[in-house]
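Please read the structure below before turning to the comments.
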Amino acid sequence: MALSSTFPRQTSGTATPRPVMLVILDGWGWREDAADNAIRQSKTPSFDRLLQAPYAFLRTHGLDVGLPEGQMGNSEVGHT
């Protein structure tokens, strides 16, 4: 799955400073498939509301955090 950002790309001019919120959801992963996925099968109204605003994902597995390709991340690398 390719992760992407919903932030609009700036094409010209300067950006207007706006508030930013950094949310770290320890223990929450992201996967579209609902099978065997407790978070996707749960009611998450607060999280659903957050997803209405621009957001981005961080990759916390494999080469992106210094692990071998395809290896799942863990708390040692995910909290750095």
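The opening position of the sequence shown corresponds to residue 475 in our numbering, with each subsequent residue numbered one higher. By construction, the Cβ of each residue, glycine as well, lies at the ideal position given by its N, Cα and C atoms.
Take the alpha-carbon of Leu-524 and the one of Leu-496: they are about 11 Å apart. When secondary structure is reduced to three states using DSSP, Pro-519 falls in the helix class. Annotated as distal: Gly-536 and Gln-526, with beta-carbon spacing of 7 Å or more.
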